[in-house]
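Presented below is the structure to which this report refers.
Numbering (the UniProt record's numbering), first residue to last: 1 to 94.
Now the structure itself:
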């Protein structure tokens, strides 16, 4: 199961929910003492931030987030809540 399957959007997905979940995952990552759990929380936070970014890009283009925008995937969102997680290359090696 991938991160994106865990947070698969439902109809009418709420932006406030996505923001709250990203913040919660960042907080849990900062409190975690197990490296694998820390990495998982950062991955989930980044997935929520990616979803927020996709909505913002779609809104700027005048599309709904459910409509396909371009065949190219969006670049991953950076962690914007003031906490820097481990680099993606480090996470991938775990």
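Beta carbons are placed, not taken as given, at the ideal position from N, Cα and C, and that holds for glycine.
| field | Under the three-state DSSP convention, the category residue 34 falls into | value | Secondary structure of residue 34 (DSSP, three-state): coil.
| request: Keeping to the same chain, check which residues put their C-beta closer than 7 Å to that of residue 62; ignore five residues upstream and five downstream. | output: Within the same chain, residue 62 has no close Cβ partners at all.
| Given residue 94, which residues of its chain have a CB within under 8 Å of its CB, disregarding the five upstream and five downstream residues? | With a pLDDT of 46 at residue 94, under the threshold of 50, the modelled position of this residue cannot be trusted; read the value that follows with caution. Around residue 94, the same chain offers 35, 36 and 39 as residues with beta carbons nearer than 8 Å, after the five sequence neighbours per side are excluded.
| message | For residue 49 and residue 24, I'd like the C-alpha separation in whole angstroms. | response | Computed Cα separation, rounded: 12 Å.
| Proximal residues to residue 22 (C-beta, below 6 Å), its chain only, five neighbours per side dropped | Closer than 6 Å at the Cβ level, and outside the excluded window around residue 22, lie 45, 48 and 49.
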